[in-house]
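Q:
Protein chains in written order, with the numbering used here: chain Z, 1 to 667; chain A, 1001 to 1075.
Structure below.
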């Protein structure tokens, strides 16, 4: 049995899904979409699967989330729908309910947050509402795990008995005549296509092109539909979309008038308004936001994350040296030995060091998201990002980019529009990540001793500047089109549920680990291979003889126009693809100097302009393999990830070229 | 007058919702339909977007979109 879980954003849908399935869930695999949806088996009910559909407010053919929901319900024939609604905000939540009812699939209404309604001395006449809507209505509290068993029992019962909604008719007057005329007209087509005739009729009135196509109606019938619609529009003095919205809200208001006793104003709402007096205050909003983010950064990269990361790294190092000793004792072939230690442990190990940081960061991010604060950030920052064609929602992922591109790219998942998501993913790496800091530190110490801080800050600002320019170019070219309208709910502040936070952390950790042992694993082995063998495939001790240095020498001329035609520089850029910190360690190894004396040696490879050019290139060129793996996951395409990496390199080359020549002429 | 011309704290009743395509459908779906009461809760610190209060919840929309919504002020 397959059940669909549908509802508005902020209705507690994810919380309910987590209660239903526990950790027994995995990402849904729907071809062609990058929308986040999950499938899980209901705890204690073997064989009953539930699909967590994206949070939406209406079934329109505009966003991918809405299209996925529509197509899932039409094509996958779920046995039943659990429609979760926020009882504290019932009018707007029922709007989606009415559209779901039209699909004529067995359905149960889960009235979430009923405890909150009752605590504010509001009531909902459950039986009355069930009567009016023609489906079972059950009060639940997803966060307190109340009413869940009853809900599961009810939905499985009516799904098994295929008990469809008792009414799907919410119209009257001219709209009623219009809908019924069209339903009658296209009934045969709809039944052949396997769509509820009533749903098909509404979609025809809404002009949903996909449904029109599915129904295969002829031009004559199309004209008759249009005729009915314009007759209705004339009679009501409203266009089709306004008339449909008006019909639905009128029905909902009627139902609520007799079944809902609203509290005057709920405690939670009053509290939210009070919190917002500070958090979205005209003067305080931005400083408070910056303080919160600084705190998150400090805790993640400075305190907890760094501590865990160090512990984790030393654990991996410990394991590596233990294995090292064991393999040496065992007398394993030195090449295989090197593969295990220098390839797998060094490569994957360096990337695994990120794991604690990612998990810690997502701990804070999910608290900010679930509490409702992220929506406020989007509200406060929207205007700043509007110019580059994005909305306030993109601000946080980009900000996280200054810490690490990997979680930043993973965090774009919360963006509701695919266009915004793609653009944000593309722009995030321009926010210089913390792993690039050691490179800046070594170079500025070597070349700009008296202006260290100035050069570093300039690099960060320069990266943002290139990001803004890229955003401007993108929003005027490839991503022209209309940006998704910014019409966003600001939900009441809530205390995040520990279960949801933990599950999200686990989810992200698992996601990252999967990549660490697939894409990143292979990349590490390829780099190890190039580093360890020469052209004749002999194992080399001196890395200057290796294939990698040959590749470095081969591509070095590419960087000649940028001022550094040097095989060591180009080789370090290649290893930088594994992790940015390795740019410095590679340079140290290749030049034969320790990291301490590296500064002096760099002076023989770089001039001041070419050092700046090199820094700009490292600032802008492709993010590390872990980030590219995240891009591949989020864009759902290896090809797009490769194009992404190549484009970043091309931009880096072009910008470094300009910077190098400008500076050369200035000095 | 239009929604963007209302002052913070003022309440009005929607008269008509203009605009077209996706934006208009979004506004309607979120409950911004004629005869609905709307209050301007706040303007974002950078001067845009607006925070509205309607049907018991808070919604934010941009000024340029608010310009398309005709309202009548009630006292």
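In this text, a Cβ means the ideal position worked out from N, Cα and C, and glycines have one as well.
The structure displayed is predicted, hence computed values, not measured ones.
1. Based on the DSSP secondary-structure assignment, which residues constitute the bridge partners of residue 261 of chain Z?
2. Give me the chain Z residues within the contact set of residue 1030 of chain A, using Cβ-Cβ distance strictly less than 7 Å, ordered along the chain.
3. Under 8 Å, Cβ to Cβ, is there at least one residue of chain A near residue 249 of chain Z?
4. Measure from the C-beta of residue 167 of chain Z to each C-beta in chain A and report whether the shortest distance is under 8 Å.
5. I want to verify the contact list: residues of chain Z whose CB lies under 7 Å from the CB of residue 1007 of chain A, in sequence order.
6. Quick check on residue 1042 of chain A - is its C-beta less than 8 Å from some C-beta in chain Z?
7. Suppose the cutoff is 8 Å on Cβ atoms and the five residues either side in sequence are ignored; what does the same chain contact list for residue 98 of chain Z look like?
8. Taking Cβ-Cβ distances below 9 Å as the criterion, which residues of the region 371–390 of chain Z are in contact with chain A?
9. In the DSSP assignment, what residue or residues form a beta bridge with residue 637 of chain Z?
10. Quick one: is residue 1074 of chain A buried, meaning 16 or more other Cβ sit within 10 Å of its Cβ, or exposed?
11. Excluding the 5 residues preceding and the 5 following residue 197 of chain Z in the sequence, name in chain order all residues of the same chain whose CB lies nearer than 6 Å to its CB.
12. Given a threshold of 16 other Cβ atoms within 10 Å of its Cβ, counted over all protein chains shown, does residue 461 of chain Z qualify as buried or as exposed?
13. Should the region 399–418 of chain Z be called in touch with the region 429–438 of chain Z, which here means at least 3 C-beta pairs below 8 Å?
14. Given a cut-off of 8 Å, decide if residue 571 of chain Z and residue 590 of chain Z are closer than it, judged by their beta-carbon atoms.
15. How about residue 1040 of chain A and residue 1007 of chain A: are their beta carbons less than 8 Å apart?
16. Whole angstroms are fine: how far does the CA of residue 658 of chain Z sit from the CA of residue 600 of chain Z?
17. Of all the CB atoms in chain Z, is at least one closer than 8 Å to the CB of residue 1024 of chain A?
18. Hey, how far is the Cα of residue 654 of chain Z from the Cα of residue 555 of chain Z?
19. Answer yes if the region 36–50 of chain Z comes into contact with the region 118–132 of chain Z, meaning at least three C-beta pairs across the two stretches below 8 Å, and no otherwise.
20. Examine chain Z for any beta-carbon lying closer than 8 Å to the beta-carbon of residue 1002 of chain A, and answer yes or no.
21. Is the Cβ-Cβ distance between residue 1042 of chain A and residue 280 of chain Z less than 8 Å?
22. Rounded to a whole number of angstroms, what is the C-alpha to C-alpha distance between residue 33 of chain Z and residue 418 of chain Z?
23. Would residue 1047 of chain A count as contacting chain Z if we go by Cβ distances under 8 Å?
24. Nearest to residue 1031 of chain A by CA position, among A/1058, A/1021, A/1002, is which residue?
25. With a 10 Å radius around its C-beta and 16 neighbouring C-beta atoms as the bar for buried, classify residue 144 of chain Z as buried or exposed.
26. Closer than 9 Å by beta-carbon distance: list the chain A residues that pair up with residue 511 of chain Z, in chain order.
27. Distance check for residue 288 of chain Z and residue 78 of chain Z, CA to CA, integer angstroms please.
28. Expressed to the nearest angstrom, what Euclidean distance is found between the alpha-carbon atoms of residue 336 of chain Z and residue 299 of chain Z?
29. What are the residues that DSSP puts in a beta bridge with residue 139 of chain Z?
30. Does the beta carbon of residue 621 of chain Z sit closer than 8 Å to a beta carbon anywhere in chain A?
31. Which chain Z residues sit within Cβ distance under 8 Å of residue 1011 of chain A?
32. Which residues bound the alpha helix (DSSP H) around residue 500 of chain Z?
33. DSSP on residue 266 of chain Z, reduced to helix/strand/coil?
34. Are the region 470–485 of chain Z and the region 1009–1025 of chain A touching, with three or more C-beta to C-beta distances below 8 Å?
35. Of all the CB atoms in chain A, is at least one closer than 8 Å to the CB of residue 60 of chain Z?
36. I want to verify the contact list: residues of chain Z whose CB lies under 7 Å from the CB of residue 1033 of chain A, in sequence order.
A: This is what the structure gives:
1. Counted from its first residue, the first chain places residue 261 of chain Z at position 261. Answer is Z/123.
2. Taking the second chain and counting its residues from 1, the one referred to as residue 1030 of chain A is at position 30. Per Cβ cutoff of 7 Å: 57, 92, 487.
3. Counting from one through the first chain, the residue named residue 249 of chain Z turns up at place 249. Yes, because at least one Cβ of chain A sits closer than 8 Å to the Cβ of residue 249 of chain Z.
4. Translated into positions along the first chain, residue 167 of chain Z becomes position 167. It does not; no Cβ of chain A falls within 8 Å.
5. In the second chain, counting from the first residue as 1, residue 1007 of chain A sits at position 7. Here the premise fails: no neighbours, minimum Cβ distance about 14 Å.
6. Indexing the second chain from 1 puts residue 1042 of chain A at position 42. Yes, because at least one Cβ of chain Z sits closer than 8 Å to the Cβ of residue 1042 of chain A.
7. To locate residue 98 of chain Z, count along the first chain from 1; it is residue 98. Same-chain partners within the cutoff: 170, 248, 251, 252.
8. 375, 378, 379, 380, 381, 382, 383, 384, 386
9. As a working mapping, residue 637 of chain Z is identified with position 637 in the first chain. Answer is none; residue 637 of chain Z lacks a bridge partner.
10. Stepping through the second chain from its first residue, residue 1074 of chain A is reached at position 74. With fewer than 16 other Cβ atoms inside 10 Å of its own Cβ, residue 1074 of chain A counts as exposed.
11. By 1-based counting over the first chain, the position of residue 197 of chain Z is 197. Hits under 6 Å: 183, 187, 190.
12. Your numbering for residue 461 of chain Z matches position 461 in the first chain. Looking at its Cβ environment, which holds fewer than 16 other Cβ atoms inside 10 Å, residue 461 of chain Z is exposed.
13. The region 399–418 of chain Z is in contact with the region 429–438 of chain Z.
14. Counting from one through the first chain, the residue named residue 590 of chain Z turns up at place 590. Counting from one through the first chain, the residue named residue 571 of chain Z turns up at place 571. Yes, the pair counts as a contact, with Cβ atoms nearer than the cut-off.
15. Taking the second chain and counting its residues from 1, one reaches residue 1040 of chain A at position 40. Taking the second chain and counting its residues from 1, one reaches residue 1007 of chain A at position 7. By the CB criterion at 8 Å, residue 1040 of chain A and residue 1007 of chain A fall inside the cutoff.
16. Here the question's residue 600 of chain Z lines up with position 600 in the first chain. Here the question's residue 658 of chain Z lines up with position 658 in the first chain. Each residue's Cα considered, the two are about 26 Å apart.
17. Taking the second chain and counting its residues from 1, one reaches residue 1024 of chain A at position 24. So yes, residue 1024 of chain A belongs to the interface.
18. Working through the first chain from its first residue, we reach residue 654 of chain Z at position 654. Working through the first chain from its first residue, we reach residue 555 of chain Z at position 555. Between residue 654 of chain Z and residue 555 of chain Z, the alpha-carbon positions lie close to 16 Å from each other.
19. In this structure the region 118–132 of chain Z does not lie against the region 36–50 of chain Z, because fewer than three pairs of beta carbons, one per stretch, are closer than 8 Å.
20. Numbered from its first residue, the second chain carries residue 1002 of chain A at position 2. With 8 Å as the cut-off, residue 1002 of chain A does not count as an interface residue toward chain Z.
21. Sequence index remark: in the second chain, residue 1042 of chain A carries index 42 (1-based). Sequence index remark: in the first chain, residue 280 of chain Z carries index 280 (1-based). A contact, by the Cβ cut-off of 8 Å.
22. As a working mapping, residue 33 of chain Z is identified with position 33 in the first chain. As a working mapping, residue 418 of chain Z is identified with position 418 in the first chain. Confidence at residue 33 of chain Z is low in this model, with a pLDDT of 48, below 50, so its placement is unreliable and the value that follows should be read with caution. The straight-line gap from Cα to Cα measures roughly 9 Å.
23. For the purposes of this step, residue 1047 of chain A is identified with residue 47 of the second chain, where counting begins at 1. Judged by the 8 Å Cβ criterion, residue 1047 of chain A is in contact with chain Z.
24. In the second chain, residue 1031 of chain A corresponds to position 31, counting from 1. The shortest Cα separation from residue 1031 of chain A among A/1058, A/1021, A/1002 belongs to A/1058.
25. Position 144 of the first chain holds residue 144 of chain Z. Exposed, since its Cβ has fewer than 16 Cβ neighbours within 10 Å.
26. Sequence index remark: in the first chain, residue 511 of chain Z carries index 511 (1-based). Using a Cβ-Cβ cut-off of 9 Å, residue 511 of chain Z is close to nothing in chain A; its nearest Cβ partner there is about 31 Å away.
27. Here residue 78 of chain Z refers to the residue found at position 78 when the first chain is read from its first residue. Here residue 288 of chain Z refers to the residue found at position 288 when the first chain is read from its first residue. Their backbone Cα atoms lie some 46 Å apart in a straight line.
28. Start at 1 with the first residue of the first chain, and residue 336 of chain Z comes out as number 336. Start at 1 with the first residue of the first chain, and residue 299 of chain Z comes out as number 299. One C-alpha to the other measures close to 40 Å.
29. Counting from 1 along the first chain, the entry for residue 139 of chain Z is found at position 139. In DSSP, residue 139 of chain Z forms a bridge with Z/111.
30. Within the first chain, numbered from 1, the residue matching residue 621 of chain Z stands at position 621. It does not: the Cβ of residue 621 of chain Z has no partner Cβ on chain A nearer than 8 Å.
31. Taking the first residue of the second chain as 1, we reach residue 1011 of chain A at position 11. By Cβ distance, chain Z contributes nothing, its closest Cβ being about 15 Å from residue 1011 of chain A, past 8 Å.
32. Numbered from 1 along the first chain, position 500 holds the residue referred to as residue 500 of chain Z. Its alpha helix (DSSP H) spans residues 498–516.
33. As a first step, residue 266 of chain Z is located in the first chain; it is residue number 266 there, counting from the start. Looking at residue 266 of chain Z - three-state DSSP - the assignment turns out to be coil, as it is neither helix nor strand.
34. yes
35. Translated into the one-based positions of the first chain, residue 60 of chain Z becomes position 60. It does: the Cβ of residue 60 of chain Z has a partner Cβ on chain A nearer than 8 Å.
36. For the purposes of this step, residue 1033 of chain A is identified with residue 33 of the second chain, where counting begins at 1. What residue 1033 of chain A touches in chain Z: 242, 245, 246, 249.
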